[in-house]
Amino acid sequence: MKTLKFASKTLVALALCTGFAQASPLVTQWTVTDTATFVPASVLPSSNTYPFPVLSAGNTQLHWGDATQQSGLIITNSVAPILVPTGVLTSTVQITHDNFPIPAATPSNSLASVDILASLTLQSFAPSVGSTILGDITFGVRFLETPNGGTGGVCADGALVGSGGVNANGCADIFVISNNALNFPLFYDSDGATGGLDPEPYFVSFFADGFGTLSNAACLSAGAAIGCRGFETAENQSTTADFKILITSTPFTDVPEPGTLPLMGAALAVLGWLARRRTI
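See below:
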């Protein structure tokens, strides 16, 4: 049977493969299903009634405010599996922040943090179909609902209120990704462990359009370390971040397209893919 095998070690595992007589053929295309959901137990504040954050729609929507005035985060998953060519950055999941005014009495009860669980199914598609592999990755999110008037006319990101850009209509809210996911290893063996073929390494990385390194003030205001990555969302607008997957036959080292920044570092590569429902 054709199989995909996730590595429990990186370069050490690769070194052990060198004794095989023949290499597995290069996988040029994969079918991928990426289903992202908010983790209910991770929502802070944790109450399930307004004016606290509340989950709905299969844990893909998170709203706060009151019954008539709300902001929220909405995850949009692809309905069907996505065909992902090796080495091509491919869209999977979108996360939208609806940044709308909420009642003056509720900001202290607005979302502060939440985890997002990405449950992935990967399968080799070309040159041939392999067995299904399941894996989970958890991304931590810090969120700051900012007062539109700022503090002394200064927004949480350090810019002046109404100074233009994301702060033109009042102070932007701040969304920070706190975890990493770059170069998670997997191994492909076209006939399992019995056919004398050399399993080939592949690496899975995740990116998001619209993400970048935030200002020191923005990071610190959201309770994150300086150099954090995320995005700011303009008041009275909906802002969408497009999450993408990249599968490569060698570890990722370069930004694959302008304007796209990695969310992660390679230090967690070994931890992400050991078993179904095991998270970082």
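Letter by letter, the sequence shown follows residues -23 to -1, 1 to 257 in mature numbering (1 follows the signal peptide of the UniProt record, and there is no 0). Using N, Cα and C, we set each Cβ at its ideal position, and we do this for glycine too. Quick caveat: nothing in here was measured; it's all calculated off a predicted structure.
Quiz item: In the structure shown, what three-state DSSP assignment does VAL4 receive?
Solution: VAL4 falls in the coil class under three-state DSSP.
Quiz item: Would DSSP call ARG195 helix, strand or coil?
Solution: The residue asked about is misnamed: residue 195 is Ala in this sequence, not Arg. ALA195 falls in the helix class under three-state DSSP.
Quiz item: Among the residues of its own chain, which have a CB less than 6 Å from the CB of ALA103, if the five just before and after it don't count?
Solution: Excluding sequence neighbours, ALA103 sits near THR5 and GLN6.
Practice problem: Would you tell me roughly how many angstroms separate the C-alpha atoms of ALA201 and THR109, rounded to the nearest one? | Solution: Separation of ALA201 and THR109 (C-alpha to C-alpha, rounded to the nearest whole angstrom) is 36 Å.
Practice problem: Flag this pair as yes or no: are the beta carbons of PHE164 and VAL181 separated by less than 8 Å? | Solution: The Cβ atoms of PHE164 and VAL181 do not sit closer than 8 Å to each other.
Practice problem: Quick one: measure Cβ to Cβ for PHE116 and ALA89, integer angstroms, because I've assumed they're closer than 8 Å. | Solution: Taking C-beta atoms under 8 Å as the contact rule, PHE116 and ALA89 fail to qualify, at a distance of about 16 Å.
Practice problem: Count the CB pairs spanning the stretch 67 to 76 and the stretch 47 to 55 that are closer than 8 Å, and state whether there are at least three. | Solution: Because the criterion of three Cβ pairs below 8 Å is met, the stretch 67 to 76 and the stretch 47 to 55 touch.
Exercise. Starting from PHE220, follow its DSSP beta bridges and name the residues at the other end.
Key: VAL70 and ALA185.
Exercise. With DSSP collapsed to three states, give me the class of GLY139.
Key: Reduced to three states, the DSSP call for GLY139 is coil.
Quiz prompt | Proximity of LEU191 and VAL153 at Cβ, strictly below 8 Å | solution = VAL153 is positioned such that its CB atom lies closer than 8 Å to that of LEU191.
Practice problem: Leaving out five residues on either side along the sequence, give the residues of the same chain with a beta carbon under 7 Å from the beta carbon of SER68. | Solution: Correct list, in chain order: ASP219 and LYS221.
Exercise. Following the continuous beta strand (DSSP E) through GLY112, name the residue where it begins and the one where it ends.
Key: That run of the beta strand (DSSP E) goes 110 to 121.
Quiz prompt | ASP43, enclosing beta strand (DSSP E) - first and last residue | solution = Element bounds for ASP43: n/a, residue is neither H nor E.
Quiz item: Around the C-beta of ASN86, are 16 or more other C-beta atoms found within 10 angstroms, so that it is buried, or is it exposed?
Solution: By the 10 Å Cβ count, ASN86 comes out buried.
Quiz prompt | Opening and closing residue of the beta strand (DSSP E) in which ALA95 lies | solution = First-last of the beta strand (DSSP E) with ALA95: 90 to 103.
Practice problem: Let me know the secondary structure DSSP gives ASN213 once reduced to three states. | Solution: In the structure shown, ASN213 sits in coil (DSSP, three-state: anything other than H, G, I, E or B).
Quiz item: What is the rounded straight-line gap between the Cα of ASP134 and the Cα of ASN193?
Solution: ASP134 and ASN193: Cα-Cα distance of roughly 8 Å.
Quiz prompt | From VAL143, TYR27, THR216 and GLN38, residue whose alpha carbon lies closest to that of ASP92 | solution = The option with the nearest alpha carbon to ASP92 is GLN38.
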